[in-house]
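Residue numbers (the numbering used here), protein chains in the order written: chain A, -5 to 148; chain B, 2 to 897.
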Ligand code: SF4
Ligand code: SF4
Ligand code: SF4
Ligand code: FES
Ligand code: FES
């Protein structure tokens, strides 16, 4: 169940989009910003309030990779697996991260500190192999540097 | 519609402008392969199987999306087209389990069909596969995503037609699949188990659970007949093997339902082959039923009826005919009672649902049936639904309403309960039960006050207006707000919407009729329609939705104490003579007793014997305790039924009858459409069709009835019944005929009172508001209102023999508003005692805001929680309909 407060937060978001047509995606984005992910109860609430069937909402949130149905870590680590990075050994970087964090890509650590993701090209191939933590780029990585960098975010 | 000239495969075709190539080709008898296109749904145009070549267009085009244009030349079957289609199929098959040898769909699968036609045996594309678990999360529909070809038909039908939005595409790319929101089990979604997704699925991805392992598609015999449940009158096809019904479908060409069904029609057939069916005549000896032969049973009955007749007189016998039986059987039943027994004491359950409609509309218009047709709902721009939980009681009519609203019609719902339609209505008037007259008089106050009435219509086509107008003056919305609990503003708004609409249609059911003021309620709605000129035109009218599959027909056939077939009065000498001549006996000239009056007459010793065909008055009649006592006290009771119902178990003799699937005949649906029933299988054991039983009993009583086939009975009906004058089996075809149909060249009548009312002029009645007979008070503080639910029918004799329906809706509940529940300290699921002045029953509590504050709701399907032990048998003075919709009750906690 949603708390009264959370419900109110969502209602305010909905109200802001009242005059837009087809505002579902924008609303979902804002709800995600507010909660860090899309809690199921929030989606049920949206379905009722917007009179959009649950199946539609489910279709949208599972279609776009930007939406998360599980709580996210405070820090998001994105490891590039694009061609350039691949050639420069990005798989070893990913391996190392899995080991340090104890999770696989797509998962979040128990203490909610990190979520691990992979992407196809971060657009900075000249730095390959690259990873990104939140908004910071880390290039020309070697597996031994990874732990030190990650620790700065703990 | 303008036409354009096009050429398809060298054939010149006149196609309708705006149609697609695929549609035009179909019209011309050219079948273009298609998977995602379904004629009744909007085309997703995603499968690309329907590609064709259009001269001058470089790429192949999807014919289901490409509109025809003057002069285009189309080729549907070139090598290039076939190659493209093969690629489509190969791609589908590369990710498809080729299980055809064990797949239930094989034989009617489109993927299989097209693969066969195009010679596609395997796929060049071998790739990754996802293995989905088969989902069996409900009793009706099994989902196998491995076989799904993502055509989207199920998604569309659920969204566009059923408007439940249960299914949709999720994820994307290769991982795309059809699923429910949050992958929830269907039982936890808004799914109503109509099965319409299943019926449009072109492959084996959606399958009837019941059908599994019961045979291959080509082994089934398919018989098209009419659904035995509600008055919508949907056409269904029974698929049978070894005298057993395996599944039910419906042809898209079905006149009423276009192939769509509700859960009862689609999945409610298990009762037909139930082992509990009656197979032999039974005679009660020492309180126990013993099997006997037909001859012994019928001889016994004949001797008993003769004895009662001799000892007391014919009027000491009464008969209840059945709205579940065919027209022919109802005709014979009333003929038997009138000509053989010699009494007009014949009635049936219509008394309990729509007798006030028949009485009211006959007075106002001269004809007591739905004025317009179901399909015309789409033509109305305002729909007023009163006292009708249409989505649960008449699901196919509800589909039309939903479609009309989607197309822009305005919907006004007047109902104390928060029914499904309130979710899509423009205005919902939540009036207190039993205050309908006040509410609609107030509508008319607004209309007259703002001069929105149709003066021309009133002047030319009606009478009684001036007097009526005076009565309305007392009903200004401010005052009526007090009576009804509906805000004056809403009354005004609603009245304006109704009056300003070009075509407005009123639909109602028992929320209007089952009151001591039932006839008044109906007259009020008739007044409203006449005031705005909404009668005698397409898409308008006053439309009572009849409950039982053949309740319209049973009334038409004169299974009523005051009229012969076709509503011809028994008290009219000339008419009586006509029937006397045809039937060769003299007939009683006084009208007989109605259902509830019969029960009261038994108590007074004025009825000694009863013949009940296919009815279960113990559960359906008000004040059940009293009914039970009365039936038990009869000297002699014969019940003819398909099951040993609660009432049959009280009988002295029980006769086993064939059910709808086992006989020929006709049913007349709520829009007066007479439709043909076709025998699909043989009846179980020694049971026989009701018409055969009546004929044999009649012979035993010394009055031979000879009919080879129900068609012969219909000939006799047509000869005596002007409104059925042109109804002949040879004319009924697939679409049936809507009465009045006076002669064999008449096409039938979609809407009544076109240039003239049946009674000449429409008559305004002056109706004043009277409160219900029983109001809540200190001792019985709550109002009980009763009704039906989607998953069951009537007294449950049929639906409660269907496993799946009982899994979804297993028991009777009492619905109560959260506020009342809190006051009484009740919790969800707790069993309580519901008490009225007439008795008490136990039921489980369901807390819901569907019920308004102060009102509780129960359905009457369940013998264990028989709502009719509580209801009031106070009667409407004209129609003698009991007040099922308002009884005062209290709720008591049961101590653990
Ligand atoms: S769905 Fe059709 S093609 Fe697929 S296995 Fe079944 S019959 Fe064969
Ligand atoms: S059964 Fe009816 S309501 Fe349920 S998913 Fe299928 S179409 Fe929708
Ligand atoms: S389940 Fe059937 S109807 Fe629905 S998308 Fe799949 S193949 Fe089409
Ligand atoms: S491939 Fe990694 S940044 Fe472009
Ligand atoms: S039928 Fe035309 S694209 Fe599917």
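Every residue gets a Cβ at the ideal spot worked out from N, C-alpha and C, and that includes glycine.
Residue i CB to nearest heavy atom of ligand 3 below 6 Å
i                      : result
residue 150 of chain B : yes
residue 962 of chain B : The requested residue 962 of chain B does not occur in the structure, where chain B is confined to residues 2 to 897.
residue 171 of chain B : no
residue 176 of chain B : no
residue 696 of chain B : no
Within-7 Å CB hit, residue i to chain B
i                      : result
residue 120 of chain A : no
residue 57 of chain A  : yes
residue 133 of chain A : no
residue 48 of chain A  : yes
residue 100 of chain A : no
residue 117 of chain A : no
residue 30 of chain A  : no
residue 76 of chain A  : no
beta-carbon residue i near ligand 5 non-hydrogen atom, thresh 6 Å
i                      : result
residue 212 of chain B : no
residue 240 of chain B : no
residue 36 of chain B  : yes
residue 49 of chain B  : yes
residue 65 of chain B  : yes
residue 46 of chain B  : yes
Any non-hydrogen atom of ligand 2 closer than 6 Å to residue i Cβ
i                      : result
residue 202 of chain B : no
residue 117 of chain A : no
residue 742 of chain B : no
residue 196 of chain B : yes
residue 168 of chain B : yes
residue 233 of chain B : no
residue 165 of chain B : yes
residue 193 of chain B : yes
residue 263 of chain B : no
residue 556 of chain B : no
residue 79 of chain A  : no
Alpha-carbon to alpha-carbon, residue j and residue i
i                      : j                      : result
residue 601 of chain B : residue 310 of chain B : 20 Å
residue 136 of chain B : residue 52 of chain B  : 33 Å
residue 133 of chain A : residue 90 of chain A  : 15 Å
residue 370 of chain B : residue 771 of chain B : 25 Å
residue 141 of chain B : residue 409 of chain B : 34 Å
residue 74 of chain A  : residue 81 of chain A  : 11 Å
residue 282 of chain B : residue 690 of chain B : 13 Å
residue 655 of chain B : residue 612 of chain B : 10 Å
residue 148 of chain A : residue 138 of chain B : 44 Å
residue 108 of chain A : residue 37 of chain B  : 44 Å
residue 306 of chain B : residue 652 of chain B : 14 Å
residue 787 of chain B : residue 30 of chain B  : 51 Å
residue 317 of chain B : residue 607 of chain B : 6 Å
residue 251 of chain B : residue 641 of chain B : 30 Å
residue 729 of chain B : residue 806 of chain B : 37 Å
residue 248 of chain B : residue 808 of chain B : 18 Å
is_contact[residue i, chain A] using C-beta, thresh 7 Å
i                      : result
residue 173 of chain B : yes
residue 153 of chain B : no
residue 182 of chain B : yes
residue 166 of chain B : yes
residue 138 of chain B : no
residue 194 of chain B : no
residue 850 of chain B : no
residue 169 of chain B : yes
Beta bridge counterpart(s) of residue i as assigned by DSSP
i                      : result
residue 240 of chain B : B:223, B:248
residue 640 of chain B : B:613, B:655
residue 54 of chain B  : B:76
residue 42 of chain A  : According to DSSP, residue 42 of chain A bridges with nothing at all.
residue 126 of chain A : A:72, A:131
Residue i CB to nearest heavy atom of ligand 7 below 6 Å
i                      : result
residue 540 of chain B : Of the ligands one can find in the structure shown, namely ligand 1, ligand 2, ligand 3, ligand 4 and ligand 5, none is ligand 7.
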